[in-house]
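Participant:
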Amino acid sequence: MAKDYLFHHRNSPILISVPHDGAVIPEHIGNNMHNFALKTPDRDFFVTQLFSFAKDFDISLLKTNISRYVIDMNRPSDDTSLYPGQAVTELCPTSSFDNRDIYKNTLTSEDIKQRITTYWQPYHQIIADKLQVLKAQHGFAILIDAHSIKSHVPRFFLGQLPDINIGTNSGHSCSQEIENKFNIVLNSQRQYSFVFNARFKGGYITREYGKPAEHIHAIQIEISQVNYLDESNNRFQVEKAEKLKTLLIRLVNSLC
Numbered sequence: 001m002a003k004d005y006l007f008h009h010r011n012s013p014i015l016i017s018v019p020h021d022g023a024v025i026p027e028h029i030g031n032n033m034h035n036f037a038l039k040t041p042d043r044d045f046f047v048t049q050l051f052s053f054a055k056d057f058d059i060s061l062l063k064t065n066i067s068r069y070v071i072d073m074n075r076p077s078d079d080t081s082l083y084p085g086q087a088v089t090e091l092c093p094t095s096s097f098d099n100r101d102i103y104k105n106t107l108t109s110e111d112i113k114q115r116i117t118t119y120w121q122p123y124h125q126i127i128a129d130k131l132q133v134l135k136a137q138h139g140f141a142i143l144i145d146a147h148s149i150k151s152h153v154p155r156f157f158l159g160q161l162p163d164i165n166i167g168t169n170s171g172h173s174c175s176q177e178i179e180n181k182f183n184i185v186l187n188s189q190r191q192y193s194f195v196f197n198a199r200f201k202g203g204y205i206t207r208e209y210g211k212p213a214e215h216i217h218a219i220q221i222e223i224s225q226v227n228y229l230d231e232s233n234n235r236f237q238v239e240k241a242e243k244l245k246t247l248l249i250r251l252v253n254s255l256c
């Protein structure tokens, strides 16, 4: 299990989850994938690196090393659509963002059940347990679900995505106070465009664990990759990333 996850335990009331920055595809699964899929082109590239400041602020961070092509930690285990009527990818995706088939042969229900047990359930158990520990320590806990995506993905949205996309499940996954803190920080700068609860309102992780009435809050940050990558080759651009990290630090630190 240790090789499947990176988990830094810290003491701040904040936990950062990074469910889509993994690139590991077990050999027995990869043998059934087309070659392009083995390069994990739809990965949230370097999001863990963008949030590497977490340790400096005593913030816990959990990342799965498993590719989202194996199983998507940000989908419900019953694969219910989070965005009815809109294009989505499944719990165990069968197609890439550009609509290429990932698998040579169709997955069986047993394949999916095994992946849920092996990869999905342990990841979510860590989140659930850590949030309860933080709540017991501080009286509340805050989960930040960290993501990124290409600036243009016609399958999911028209045109160019705003730079910073905040999701609070339309205000249901965190208190208004927490959403306001993010809003204040974002409105205080002019470099990055931003939007709340538009195309990305928060996936399964945000919706499942955000229970403000129980003093557990969840908020999703979806970053347009053009702000820190060369999108033509997915190479990390240090200068752009450092500027972006400055804003991310301000957002996270506004919560405590």
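Residue 249 in UniProt numbering sits at position 249 of the sequence shown, with consecutive numbering throughout.
In this text, a Cβ means the ideal position worked out from N, Cα and C, and glycines have one as well.
A quick note: this is a predicted structure, and the numbers were derived from the prediction, not measured.
Rounded to the nearest angstrom, what separates Val18 and Lys63 at their Cα positions?
Facilitator: The alpha-carbon atoms of Val18 and Lys63 are separated by roughly 5 angstroms.
Participant: Can you name the start and end residues of the alpha helix (DSSP H) that Gln130 belongs to?
Facilitator: At residue 130 the sequence reads Lys, which differs from the Gln that was named. Residues 121-138.
Participant: Check each candidate in Asn180, Phe97, Ile184, Ser188 and name the one with the smallest Cα separation from Arg155.
Facilitator: Measuring from the Cα of Arg155, the nearest candidate turns out to be Phe97.
Participant: Which full runs of the beta strand (DSSP E) of 3+ residues lie inside the region 21-100, going along the chain?
Facilitator: Qualifying beta strand (DSSP E) stretches, in chain order: 60-64.
Participant: Taking C-alpha atoms, which residue in Phe51, Ser52, Ala23 lies nearest to Leu38?
Facilitator: Checking every option, the nearest Cα to that of Leu38 belongs to Ala23.
Participant: Report yes if the C-beta distance between Phe182 and Leu251 is below 8 angstroms; otherwise report no.
Facilitator: Yes, these two residues count as a Cβ contact at 8 angstroms.
Participant: Measuring straight from C-alpha to C-alpha, what distance separates Asn227 and Asp163?
Facilitator: Rounded to whole angstroms, Asn227 to Asp163 spans 7 angstroms at the Cα level.
Participant: Please list, in chain order, all residues of the same chain as Phe194 whose beta carbon is under 8 angstroms from its beta carbon, the five residues on each side excluded.
Facilitator: Closer than 8 angstroms at the Cβ level, and outside the excluded window around Phe194, lie Pro162, Asp163, Ile164, Asn165, Ile166, Leu186.
Participant: Considering only DSSP beta bridges, list what Asn165 is partnered with.
Facilitator: In DSSP, Asn165 forms a bridge with Val195, Glu222.
Participant: For the beta strand (DSSP E) that Asp145 lies in, which residues bound it at each end?
Facilitator: Note, Asp145: beta strand (DSSP E), 141-149.
Participant: Cα separation between Pro212 and Thr106?
Facilitator: Approximately 40 angstroms, taken between the alpha carbons.
Participant: With DSSP as the reference, label Tyr209 as helix, strand or coil.
Facilitator: Of the three classes helix, strand and coil, the one that applies to Tyr209 here is helix, per DSSP.
Participant: Who are the near neighbours of Glu90 in its chain, counting only those whose CB is closer than 6 angstroms to its CB and skipping five residues on each side?
Facilitator: Closer than 6 angstroms at Cβ, skipping near neighbours: Asp79.
Participant: On the DSSP bridge list, what partners appear for Val18?
Facilitator: In DSSP, Val18 forms a bridge with Lys63.
Participant: Provide the residue(s) that pair with Asp230 in DSSP beta bridges, ordered along the chain.
Facilitator: Per DSSP, Arg235.
Participant: How about Tyr103 and Ile66: are their beta carbons less than 8 angstroms apart?
Facilitator: No, the Cβ-Cβ distance between Tyr103 and Ile66 is not below 8 angstroms.
Participant: Going straight from the alpha carbon of Met73 to that of Phe46, what length do you get?
Facilitator: Answer to the nearest angstrom: the Cα atoms are 17 angstroms apart.
Participant: When DSSP labels each residue in this structure, what does Leu248 get in the three-state scheme?
Facilitator: Leu248 falls in the helix class under three-state DSSP.
Participant: Using 10 angstroms around the beta-carbon of His217, count the other beta-carbons present and answer buried if the total reaches 16, otherwise exposed.
Facilitator: Under this definition His217 is a buried residue.
Participant: So, at 6 angstroms on beta carbons, what are the nonlocal neighbours of Leu244 in its own chain, with the 5 sequence-adjacent residues on each side left out?
Facilitator: Answer for Leu244: Asn227, Tyr228, listed in chain order.
Participant: Ends of the alpha helix (DSSP H) at Phe182?
Facilitator: Segment 176-187, the alpha helix (DSSP H) holding Phe182.
Participant: Would Glu222 be called buried (16 or more neighbouring beta carbons within 10 Å of its own) or exposed?
Facilitator: Its Cβ being crowded by 16 or more others within 10 Å, Glu222 is buried.
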